[in-house]
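Protein chains in written order, with UniProt numbering: chain C, 1 to 462; chain S, 1 to 462.
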């Protein structure tokens, strides 16, 4: 018999009486002499399915003694229970034990701390919290693909292994196949990377943006969605060494188009997750973050505000006693400043645009004032910055001058400058850290709890 | 005015007469004294749009002289041309030059070899062949997500950075942030990797399968889709150091379920690409691989065959004079053997199952004969193996014994063995190399031409 997913059963309960087979893991078993109840979870749904069994089962005693975490296949009849807390249950005709769970199973029925669960990352997706977080992660990833594909964007896999440092910033991981104990050396004693796998020294990418720009100059609208790496030795709840990033890039477009795209994408993804993971979000709203649903609804339904950096600084300066970090024109905004703007001043998501060029990357388009660049950050309540983007400098002379000013080597950017020589256009894009988005949607405050097997400074287990 | 994509215009041409704006890159310009024609491509479609312009344009002379590759915005009226080769054209009211293209533009109108195009990977997506290949790549990637999500699979991001070697095989890239010139050393002179970023030596993943199994034991049905790495120093048209892989894993399932899933997925993806990239496939069928469409249709419409390895060997032994490599029970199948089976013997896709355990990975489920394992490879005409999968060994004692036999360290697999201790189930999965799939769908014979910026031994440019 075909297996029925518990999610599909709850979504289409039918009229009752049909015979089905469900397979899953036992969350609890309780029994009296002649009847027993199992809470069964198959991972397709947040909800457990109640299985009722009785002494008609040949293996009643075995089933009644099943350990938490055991896997079973149940064939039985669907019974609608409109008066009960759960709309239906299954009365078992046969229950087959697929795999017993030893009494040492670490997920016995009690609350576990998130810290403890990280030590059993191979088992923790079976818990309510991590299971729900990773289902939301999957649905949100699909929503992102759906959003861009429906608009005709081309999905691009930019390289993970790279010889360049896209942002001119960020600590990188070096990749090598050399024998490090005994590396080949040049005459001056330095390591001869021309003998390495790629014939030179290479790193893991920190951003696919520059390559994404090349693709946007062919396809008009592209997006990337892939892993990105930072070797920053910072042990915070918001930083991982390996995380996924979404980076769209659009041609024939300016900063206003960029903000529209970011707004539409965020609203689309939030709405899609709210429509497709209602049980998960209700759980997070109840147990993790009481204001969650209200906040998400707020974002989906509100207009987004817009301040220039210069306006934002003027506002912040009036409240400078509220902040730990000093506020002045030219300073980088700290999370406390960002949250104040979006939570206290605007009370909704807000784009802050036109930052001083000194605090932004070399490729951002210089504004006519000669001091600021066409950058935009999207700030949202509860988090601060969630998206950072910009219009890119498409003017060859200005971009070349900027590269010189910053002491970068123009020959390293020859192909990037080519994009400005051969049919370059106005264009822009942004980056969205996928884990930050999932933290925002779930209310989970540690990035380690929204990644199946997190990689952070000092930790690469499993 | 909103920009219209050329793809959308061809799909919904309307009644003609409507005013629109299109933006794109000039493929050709020709003009007589008073009228000119531009072939415009915006990357959304394989097709070019014909722009007609005349001396009513203020900048007629400038436009007539435009270099190939220049980017322009055109506002004008749609004119239906049912008699002409193209169903419609646009009569320009204004043409704005977004970015001129210098005369040194490498993609002048003539044929370029694929080898040459690889040297200008930042510009080659603007060509017919590479543009079409990367659009197919994007659509196929989406089809894969759509297929699994519609069936309720959870998309899982397994780690890229790993302390383990999943298959016990495959050369790996080492990752480090140590100063290689002057690494910290232990007393015996060896490098002290406990000082490295993760506190130990780590590599880039060769497969997400083991982690995928942990996730399948929570969600029942999962898939991965992410980059994978092999540091094999092989310079062939079919190997890249960085490639993307899809690895589904299903619980409560055996090898028959695995084959069904593989078959359904392949058929779904091929059909989706045929429905959504008809122009691209027609182009490939005409210029790259004349049997392409017939072969793809064959796969979508045929039943798939099934042979055991033992049956396959018996067939191959009868034709042993046809092969370079010897055939005997226990040998690994070479591409020439695989292609013979699917092209000459079965004349359709065929699953070969139940291989000798010695030539397969440690985690594959031992059959009752004690000699073979529940492995399956899918062979398709024109390629040979495109998918490799297996039922996994869920029995703790047999798996432990196999790990011992192979001299592997059980403590390295402690968490993997846990999955067999706590509610383990029958389960299986497979791996599909995404680039191999794109080569198969497009007929392109070199993996470097289906990856935006390929990474191969000796080459990590851009």
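Where a beta carbon is used, it is the ideal one built from N, C-alpha and C, also for glycine. These numbers come from a predicted model, not from an experiment.
Any non-hydrogen atom of the ligand SAH within 7 Å of residue i CB
i: residue 457(S); result: As for the ligand SAH, it is missing from this structure, which has no ligand bound.
CB contact below 8 Å: residue i versus chain C
i: residue 215(S); result: yes
i: residue 252(S); result: yes
i: residue 7(S); result: yes
i: residue 202(S); result: yes
i: residue 362(S); result: no
i: residue 3(S); result: yes
i: residue 154(S); result: yes
i: residue 118(S); result: no
i: residue 23(S); result: yes
i: residue 436(S); result: no
Length of the line joining the Cα atoms of residue i and residue j
i: residue 101(S); j: residue 446(S); result: 30 Å
i: residue 305(C); j: residue 384(C); result: 14 Å
i: residue 348(C); j: residue 380(C); result: 7 Å
i: residue 37(S); j: residue 159(C); result: 38 Å
i: residue 291(C); j: residue 263(S); result: 45 Å
i: residue 322(S); j: residue 311(S); result: 18 Å
i: residue 455(S); j: residue 75(C); result: 50 Å
i: residue 27(C); j: residue 236(S); result: 51 Å
i: residue 382(C); j: residue 444(C); result: 11 Å
i: residue 229(C); j: residue 62(C); result: 49 Å
i: residue 109(S); j: residue 68(S); result: 8 Å
i: residue 492(C); j: residue 286(C); result: Only positions 1 to 462 of chain C appear in this structure, which leaves residue 492(C) out of reach.
i: residue 391(C); j: residue 374(C); result: 6 Å
i: residue 130(C); j: residue 45(C); result: 13 Å
i: residue 315(S); j: residue 298(S); result: 23 Å
i: residue 73(S); j: residue 6(S); result: 12 Å
Residue interval of the alpha helix (DSSP H) (run including residue i)
i: residue 8(S); result: 6 to 11
i: residue 337(C); result: 335 to 339
i: residue 393(C); result: It is not in any alpha helix (DSSP H) - residue 393(C) carries neither H nor E in the DSSP assignment.
i: residue 138(S); result: 128 to 150
i: residue 342(S); result: Where residue 342(S) is concerned, there is no enclosing alpha helix (DSSP H), given that its DSSP letter is neither H nor E.
i: residue 218(S); result: 209 to 219
i: residue 96(C); result: Element bounds for residue 96(C): not the alpha helix (DSSP H) but the beta strand (DSSP E), 88 to 99.
i: residue 310(S); result: 309 to 317
i: residue 59(C); result: Segment: none, residue 59(C) is in no alpha helix (DSSP H) and carries neither H nor E.
i: residue 298(C); result: 292 to 301
i: residue 329(S); result: Premise fails: residue 329(S) is in no alpha helix (DSSP H) and is neither H nor E.
i: residue 118(C); result: 114 to 118
i: residue 416(C); result: 414 to 421
Cutoff 8 Å: residue i Cβ touching any chain S Cβ
i: residue 426(C); result: yes
i: residue 258(C); result: no
i: residue 312(C); result: no
i: residue 330(C); result: no
i: residue 239(C); result: no
i: residue 133(C); result: no
Residue span of the beta strand (DSSP E) that contains residue i, given as start and end
i: residue 243(S); result: 242 to 251
i: residue 269(C); result: That residue, residue 269(C), is in no beta strand (DSSP E); its alpha helix (DSSP H) goes 255 to 276.
i: residue 21(C); result: 19 to 31
i: residue 39(S); result: 35 to 41
i: residue 433(C); result: 427 to 433
i: residue 68(S); result: Run containing residue 68(S): none; DSSP gives neither H nor E here.
i: residue 353(S); result: 350 to 356
i: residue 49(S); result: 49 to 54
Residues bridged to residue i [DSSP beta-bridge criterion]
i: residue 385(S); result: 379(S)
i: residue 446(S); result: For residue 446(S), which the question treats as bridged, DSSP gives no partner whatsoever.
i: residue 465(C); result: Since the first residue shown for chain C is 1 and the last is 462, residue 465(C) is missing from the structure and cannot be characterised.
i: residue 203(C); result: 162(C), 174(C)
Within-8 Å CB hit, residue i to chain B
i: residue 418(C); result: Given the protein chain composition of this structure (C and S), no chain B is represented.
> Given 8 Å as the limit, is there contact between the region 211 to 222 of chain C and the region 126 to 146 of chain S, that is, 3 or more CB pairs closer than that?
Replying inline: Because the criterion of three Cβ pairs below 8 Å is met, the region 211 to 222 of chain C and the region 126 to 146 of chain S touch.
> Are the region 189 to 202 of chain C and the region 14 to 27 of chain S touching, with three or more C-beta to C-beta distances below 8 Å?
Replying inline: Under the Cβ criterion (8 Å, minimum of three pairs), the region 189 to 202 of chain C does not count as touching the region 14 to 27 of chain S.
>> Does the structure place the region 395 to 415 of chain S close enough to the region 367 to 377 of chain S that three or more beta carbon pairs sit under 8 Å?
In response: Segments in contact, no.
> Are at least three pairs of beta-carbons, each pair with one atom in the region 252 to 268 of chain C and one in the region 237 to 244 of chain C, less than 8 Å apart?
Replying inline: Between the region 252 to 268 of chain C and the region 237 to 244 of chain C there are fewer than three inter-stretch CB-CB distances shorter than 8 Å, so the stretches are not counted as touching.
>> Pairs of beta-carbons, one from the region 114 to 122 of chain S and one from the region 253 to 260 of chain S, closer than 8 Å: are there three or more?
In response: When Cβ pairs closer than 8 Å are counted between the two stretches, the region 114 to 122 of chain S is seen not to touch the region 253 to 260 of chain S, the count staying below three.
>> Check whether the region 415 to 434 of chain C and the region 78 to 94 of chain S touch, using three or more Cβ-Cβ pairs below 8 Å as the test.
In response: No, the region 415 to 434 of chain C is not in contact with the region 78 to 94 of chain S.
> Looking at C-beta atoms only, is the number of pairs between the region 146 to 162 of chain C and the region 136 to 146 of chain S that lie closer than 8 Å three or more?
Replying inline: Taking 8 Å as the limit for Cβ pairs, the verdict is that the region 136 to 146 of chain S does touch the region 146 to 162 of chain C.
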